[in-house]
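**Q**
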Amino acid sequence: MEPLIKMVGITKVFPGVKALNNISLDIMPGEVHILLGENGAGKSTLMKILSGVYQPTLGKIIIGGKEYKSLTTKDSYDEGVAIIYQELSVINELSILENLFVGKLPTVKKCGISVVDYKTMEEKAAAMLQKVGVHRPLKTFVEDLTMPEKQQVEIAKALVSDAKIIIMDEPTTSLTTAETDNLFALIRKLKSENKGIVYISHKMDEIKKIGDRVTVLKDGTYVGTRRVDEVTVDELVTMMVGREIKGTYFGNPDVDLTKQPILFEAKNITRSDGRCRNISFQLHKGEILGFAGLVGAGRTETMEAIFGAHPKIKGQVFLNGRELHITSPYSAIKQGLGMVTENRRETGIIDNFNVKQNISMVPYLKQSSAGGIGGFLDGRQEVRWAEEQKANLHIKCTGINQMVVDLSGGNQQKVILGKWLAANTEVIIFDEPTKGIDIGSKSEIYQLMRKLANEGKGVLMISSELTELLSVCDRIAVFREGEIRMIFNSAEASEEKIVKTSTGEY
Amino acid sequence: MSETGIKKNSQNFGILWQRYGTFGILFLLLVVLAIAQPGAIFNSSAVPQMLKQSAVNILLACGEFFAILIAGIDLSVGAVCGLSGMVAAELMVSAHMPWVPACIIGVLCGTFFGFLNGLLVNRTGLHPFIITLGTQSIFFGVMLVVSHSANIYGFPASFSSMINASLFDFFPISAIIALLVAVVLWFFTTKTKAGRNTYALGGNKEAAWYSGINVPLHTLIVFIISGTCAGIAGIVLMGRLNCADPVAGTGYDTYAIAAAIIGGTSFMGGKGKIPGVVIGGFIIGIINYGMTALMIDSSYQKIMMGALIIISVAIDHFVSVSTNEK
Numbered sequence: 001m002e003p004l005i006k007m008v009g010i011t012k013v014f015p016g017v018k019a020l021n022n023i024s025l026d027i028m029p030g031e032v033h034i035l036l037g038e039n040g041a042g043k044s045t046l047m048k049i050l051s052g053v054y055q056p057t058l059g060k061i062i063i064g065g066k067e068y069k070s071l072t073t074k075d076s077y078d079e080g081v082a083i084i085y086q087e088l089s090v091i092n093e094l095s096i097l098e099n100l101f102v103g104k105l106p107t108v109k110k111c112g113i114s115v116v117d118y119k120t121m122e123e124k125a126a127a128m129l130q131k132v133g134v135h136r137p138l139k140t141f142v143e144d145l146t147m148p149e150k151q152q153v154e155i156a157k158a159l160v161s162d163a164k165i166i167i168m169d170e171p172t173t174s175l176t177t178a179e180t181d182n183l184f185a186l187i188r189k190l191k192s193e194n195k196g197i198v199y200i201s202h203k204m205d206e207i208k209k210i211g212d213r214v215t216v217l218k219d220g221t222y223v224g225t226r227r228v229d230e231v232t233v234d235e236l237v238t239m240m241v242g243r244e245i246k247g248t249y250f251g252n253p254d255v256d257l258t259k260q261p262i263l264f265e266a267k268n269i270t271r272s273d274g275r276c277r278n279i280s281f282q283l284h285k286g287e288i289l290g291f292a293g294l295v296g297a298g299r300t301e302t303m304e305a306i307f308g309a310h311p312k313i314k315g316q317v318f319l320n321g322r323e324l325h326i327t328s329p330y331s332a333i334k335q336g337l338g339m340v341t342e343n344r345r346e347t348g349i350i351d352n353f354n355v356k357q358n359i360s361m362v363p364y365l366k367q368s369s370a371g372g373i374g375g376f377l378d379g380r381q382e383v384r385w386a387e388e389q390k391a392n393l394h395i396k397c398t399g400i401n402q403m404v405v406d407l408s409g410g411n412q413q414k415v416i417l418g419k420w421l422a423a424n425t426e427v428i429i430f431d432e433p434t435k436g437i438d439i440g441s442k443s444e445i446y447q448l449m450r451k452l453a454n455e456g457k458g459v460l461m462i463s464s465e466l467t468e469l470l471s472v473c474d475r476i477a478v479f480r481e482g483e484i485r486m487i488f489n490s491a492e493a494s495e496e497k498i499v500k501t502s503t504g505e506y
Numbered sequence: 001m002s003e004t005g006i007k008k009n010s011q012n013f014g015i016l017w018q019r020y021g022t023f024g025i026l027f028l029l030l031v032v033l034a035i036a037q038p039g040a041i042f043n044s045s046a047v048p049q050m051l052k053q054s055a056v057n058i059l060l061a062c063g064e065f066f067a068i069l070i071a072g073i074d075l076s077v078g079a080v081c082g083l084s085g086m087v088a089a090e091l092m093v094s095a096h097m098p099w100v101p102a103c104i105i106g107v108l109c110g111t112f113f114g115f116l117n118g119l120l121v122n123r124t125g126l127h128p129f130i131i132t133l134g135t136q137s138i139f140f141g142v143m144l145v146v147s148h149s150a151n152i153y154g155f156p157a158s159f160s161s162m163i164n165a166s167l168f169d170f171f172p173i174s175a176i177i178a179l180l181v182a183v184v185l186w187f188f189t190t191k192t193k194a195g196r197n198t199y200a201l202g203g204n205k206e207a208a209w210y211s212g213i214n215v216p217l218h219t220l221i222v223f224i225i226s227g228t229c230a231g232i233a234g235i236v237l238m239g240r241l242n243c244a245d246p247v248a249g250t251g252y253d254t255y256a257i258a259a260a261i262i263g264g265t266s267f268m269g270g271k272g273k274i275p276g277v278v279i280g281g282f283i284i285g286i287i288n289y290g291m292t293a294l295m296i297d298s299s300y301q302k303i304m305m306g307a308l309i310i311i312s313v314a315i316d317h318f319v320s321v322s323t324n325e326k
């Protein structure tokens with residue numbers, strides 16, 4: 001069988017950086033081809049070359065028997081390449097129907113004037129929506145759809161344009177397990193229609209479930225292509241990071257940490273909006289306490305309340321036996337709390353700041369007076385804070401003056417961690433700390449959390465990845481509908497028990 | 001090949017523009033003026049005149065800068081400028097108050113109006129555009145009430161001679177006041193935590209809040225600064241005109257925004273520097289001066305100012321698009 005696409009010897013040089021070096025990739029019809037690599041490995045750049053956003057410096061692309069030195073976005077579209085970005089590109093203000101045909105509305109002549117041919121649109125759209133599994137009226141505005149539905153609309157849009165190759169960039173990042181299963185069913189359907197799928201992912205279990213072949217990139221170079229059924233997860237990880245990721249459990253099961261003194265305690269935390277009720281837990285010295293539960297079960301809401309970001313709460317919070325009075329994130333920082341929020345882009349990094357300015361923000365505030373407005377900047381101190389954290393966390397950047405938006409996701413996350421560590425924060429809440437970051441950085445962050453706990457700092461961790469919770473935490477509290485239903489020790493916890501508790505079957 | 005060449009060129013232009021664009025405009029204006037009317041430039045009173053014309057614009061632009069820095073805007077600076085001047089004038093002329101306390105009260109009025117703006121923005125959660133669009137009209141109306149829609153003049157001689165004096169017969173006091181304010185604000189933006197926090201707020205409000213920055217407090221401070229600058233500008237403007245004119249402040253909002261933008265402040269928030277804004281204000285003053293020197297009707301000044309806003313924002317936009325593409 002002829003491949004749908006063959007990329008040969010693709011090299012892309014940006015001023016000063018070789019982003020891709022001699023990469024080759026081919027996509028067969030009816031294949032799910034996984035593209036695997038750490039952040040910054042060159043996956044996105046390669047896909048942008050395929051979709052015509054970037055032009056390669058060297059190499060060629062063969063699509064449908066035609067050979068191109070480079071593609072424009074129009075070439076790419078005409079050859080049937082569609083890309084589904086992680087941040088979906090559907091337009092919220094338009095209806096499903098309009099989204100499907102945006103930019104290419106079919107027209108029909110009426111009285112000599114071209115008008116939009118809604119009849120054809122509707123017929124075609126209905127068929128496509130049926131196929132991808134969206135059961136909504138065509139006129140529904142996209143902003144009223146759920147996240148997975150939006151994704152399905154985006155896939156339908158690709159099908160409407162008669163795409164032969166569909167690129168999906170980490171499509172399951174914000175999906176639940178059930179939604180992921182739906183997506184996989186759809187992908188299998190597309191496979192059976194001989195579409196080629198390029199699937200970018202970090203998640204090992206997904207690769208095994210859905211992939212046919214996998215190509216691994218590392219630092220812009222080609223590592224290899226394997227059949228998924230002939231390769232083990234460990235081999236893939238080694239290919240990807242070029243080193244073994246050691247140990248799965250990061251805790252110390254021999255010590256009973258619950259006998260240690262209590263470092264941090266929350267008593268009867270209740271939000272006035274009812275999103276969490278009567279939350280109580282204790283964190284012992286040296287311990288990592290995890291929080292499991294479905295999205296919307298009240299984990300983030302509880303932590304935001306404790307951190308003062310949504311200050312209308314009842315209840316008490318204690319650090320080292322002393323009661324804290326938290327009315328805002330500022331007062332939380334002053335009293336030794338910190339929070340690494342879930343959405344890095346929205347609530348984590350300051351886009352117009354460099355690494356140094358991002359890191360120094362929190363320690364500055366911690367030292368400041370008068371609600372955070374008092375005091376002067378100290379250039380040398382700032383450099384010291386940033387250099388220390390850069391070395392401590394192995395932040396990969398050209399220097400502490402590099403803009404934080406130019407860093408990879410994992411390194412941005414480290415910068416955010418750095419700002420809390422530089423302020424010598426006593427208790428850090430981690431909300432989905434490894435969301436969207438590569439496996440190498442993940443393992444570094446787990447080790448860092450363990451190190452903090454061993455040093456006597458408090459570590460609270462919300463995560464929706466059970467394997468992660470089980471390997472990192474000493475105890476796991478399970479939320480359901482705004483309350484903690486159960487707290488498991490790591491020894492007695494299992495994926496099954498946690499899932500059952502969080503869904504209410506236990 | 002040629003396409004990447006063009007891309008590269010536009011990138012280089014982008015970097016040049018971001019660094020020296022404001023200077024470029026200033027230089028271009030001076031050259032045009034020097035060619036069109038050499039007498040207007042090569043003459044000992046040219047620089048003092050330009051500085052005098054620029055003082056009010058620089059003051060207003062410095063305040064406006066902060067409002068734009070937090071991705072907001074302050075449309076009321078012109079009205080605040082007029083009203084503050086009017087209050088000081090009434091105190092001097094009708095209440096026979098000595099000019100020093102009268103002027104201080106005038107400036108404090110500006111501070112208070114800024115405070116009101118900030119309070120309204122915080123309490124309602126509405127965009128500053130809406131709030132200041134409303135207060136612009138309110139302040140303007142209050143001014144008409146206070147002044148009975150008439151000019152107020154007849155200030156104490158000590159006031160008029162002070163505000164129109166020049167240091168070494170060269171630096172107008174009004175320009176010195178403007179530059180002093182600019183230096184204080186420059187210090188605020190580059191050396192204080194509150195200044196740094198304000199940039200963070202402009203970059204990403206949510207992230208700033210989660211990092212412990214008191215967003216409402218800083219928003220309030222920003223509008224207080226903007227109001228205070230407008231108050232000072234009101235006193236300076238009244239001194240220059242030697243009367244308090246109820247419509248004196250009209251149009252200055254546009255100039256203030258133009259100066260801040262030409263001076264390199266990003267409308268998206270979080271980017272910009274005080275020295276750039278000062279030059280921006282100076283550019284507005286020179287356009288003003290040049291038009292007068294060339295005996296062009298002041299109505300054309302408005303046309304030119306509008307065009308300049310659009311051109312400089314457009315260039316800025318294309319530049320940031322091309323540099324982001326890498």
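Protein chains in written order, with full-length UniProt numbering: chain A, 1 to 506; chain B, 1 to 326.
Here a beta-carbon is modelled for each residue, glycine too, at the ideal position from N, C-alpha and C.
It should be emphasised that the depicted structure is a prediction, and the values quoted were computed from it without experimental measurement.
1. Taking buried to mean at least 16 other C-beta atoms within 10 Å of its own C-beta, is isoleucine 58 (chain B) buried or exposed?
2. Taking only beta-carbon positions, decide if residue 515 (chain A) is within less than 9 Å of chain B.
3. Grab me the residues of glutamate 3 (chain B)'s own chain with a C-beta within less than 6 Å of its C-beta, minus the 5 sequence neighbours each way, in chain order.
4. Please classify asparagine 214 (chain B): does DSSP put it in a helix, a strand, or coil?
5. Does the Cβ-Cβ distance between alanine 386 (chain A) and isoleucine 359 (chain A) come in under 9 Å?
6. Buried or exposed: where does cysteine 81 (chain B) fall if 16 or more other Cβ atoms within 10 Å of its Cβ makes it buried?
7. Please report the residue range of the beta strand (DSSP E) in which alanine 82 (chain A) lies.
8. Which residues in chain A sit within 8 Å of leucine 179 (chain B), going by Cβ to Cβ distance?
9. Alpha carbon to alpha carbon, how far is valine 478 (chain A) from methionine 486 (chain A)? Give it in angstroms, no decimals.
10. Just grab the DSSP bridge partners of glycine 290 (chain A) for me.
11. I need the DSSP call for lysine 195 (chain A), collapsed to helix, strand or coil.
12. So, is the C-beta of glutamine 357 (chain A) closer than 9 Å to a C-beta in chain B?
13. Return the residues of the region 202-226 of chain B that lie within a Cβ-Cβ distance of less than 9 Å from chain A, sorted by chain order.
14. Quick check on threonine 215 (chain A): does DSSP put it in helix, strand or coil?
15. For a contact defined as C-beta to C-beta under 7 Å, what are the partners of glutamate 432 (chain A) on chain B?
16. Is serine 328 (chain A) close to chain B, meaning its C-beta is less than 9 Å from at least one C-beta of that chain?
17. Within a Cβ cutoff of 6 Å, which residues of the same chain sit near glutamate 325 (chain B), ignoring the five residues on either side of it in sequence?
18. Between the region 167-193 of chain A and chain B, which residues of the former have CB atoms less than 9 Å from a CB of the latter, in chain order?
19. Threshold first: 4 residues or longer. Then list the alpha helix (DSSP H) segments lying entirely within the region 49-102 of chain A, N to C.
20. Could you work out which residues of chain B lie near leucine 377 (chain A), taking near to mean beta carbons separated by less than 7 Å?
21. Using a C-beta cutoff of 9 Å, does tyrosine 20 (chain B) count as contacting chain A?
22. Name the two residues that bound the continuous beta strand (DSSP E) containing leucine 257 (chain A).
23. Going by beta-carbon coordinates alone, are cysteine 62 (chain B) and glycine 231 (chain B) separated by less than 9 Å?
24. Between glutamate 90 (chain B) and asparagine 352 (chain A), what straight-line distance do the alpha-carbon atoms span, to the nearest angstrom?
25. Contact between the region 285-298 of chain B and the region 264-275 of chain B: three or more CB pairs below 8 Å?
26. Where phenylalanine 188 (chain B) and leucine 377 (chain A) are concerned, what is the direct C-alpha to C-alpha distance, given to the nearest angstrom?
27. With 9 Å set as the bound, which would you pick, yes or no: does the beta-carbon of tyrosine 199 (chain B) sit closer than that to a beta-carbon of chain A?
28. Just confirm the distance between the C-beta atoms of isoleucine 84 (chain A) and proline 137 (chain A), as a whole number of angstroms; I'd bet it's less than 8 Å.
29. What residue range does the beta strand (DSSP E) around aspartate 431 (chain A) cover?
30. What ranges does the alpha helix (DSSP H) occupy inside the region 43-87 of chain B, keeping only unbroken runs of at least 4 residues that lie completely in it?
31. Taking isoleucine 163 (chain B) and glycine 281 (chain B) to be in contact with their CB atoms under 8 Å, please state how far apart those CB atoms are, rounded to whole angstroms.
32. From which residue to which residue does the beta strand (DSSP E) around glycine 224 (chain A) run?
33. How about aspartate 438 (chain A): is its C-beta nearer than 9 Å to some C-beta of chain B?
34. Would you say phenylalanine 113 (chain B) and leucine 75 (chain B) are within 9 Å of each other, going by their C-beta atoms?
35. Along chain B, which residues have their Cβ under 7 Å away from the Cβ of residue 507 (chain A)?
**A** This is what the structure gives:
1. buried
2. There is simply no residue 515 (chain A) to check, as chain A begins at 1 and stops at 506 in what is shown.
3. Low local confidence applies: a pLDDT of 48 at glutamate 3 (chain B) is under 50, so the model's placement there is unreliable, with the coordinate-based value given in what follows. Once the five neighbours on either side are set aside, glutamate 3 (chain B) has no close Cβ partner at all.
4. coil
5. yes
6. buried
7. 81-84
8. Those within 8 Å of leucine 179 (chain B) in chain A number zero; the least Cβ separation is about 22 Å.
9. 5 Å
10. A:Met461 and A:Ile476
11. coil
12. yes
13. Gly202, Gly203, Asn204, Glu206, Ala207, Ala208, Trp209, Tyr210, Ser211, Gly212, Ile213, Asn214, Leu217, His218 and Ile221
14. strand
15. What glutamate 432 (chain A) touches in chain B: nothing, since even the nearest Cβ is about 14 Å away.
16. yes
17. Note that glutamate 325 (chain B) has pLDDT 42, beneath the 50 cutoff, so the model's placement of it is unreliable and no number is given.
18. none
19. 73-78 and 96-100
20. Lys191, Thr192, Lys193 and Arg196
21. no
22. Note, leucine 257 (chain A): premise wrong, no beta strand (DSSP E); not H, not E.
23. no
24. 45 Å
25. no
26. 10 Å
27. yes
28. In fact, because the Cβ distance is near 23 Å, the residues do not count as touching under 8 Å.
29. 427-431
30. 46-69
31. Their Cβ separation, rounded to whole angstroms, is 18 Å, which puts isoleucine 163 (chain B) and glycine 281 (chain B) out of contact at 8 Å.
32. 221-227
33. no
34. no
35. Residue 507 (chain A) falls outside the range modelled here, since chain A spans only 1 to 506, and no answer is possible.
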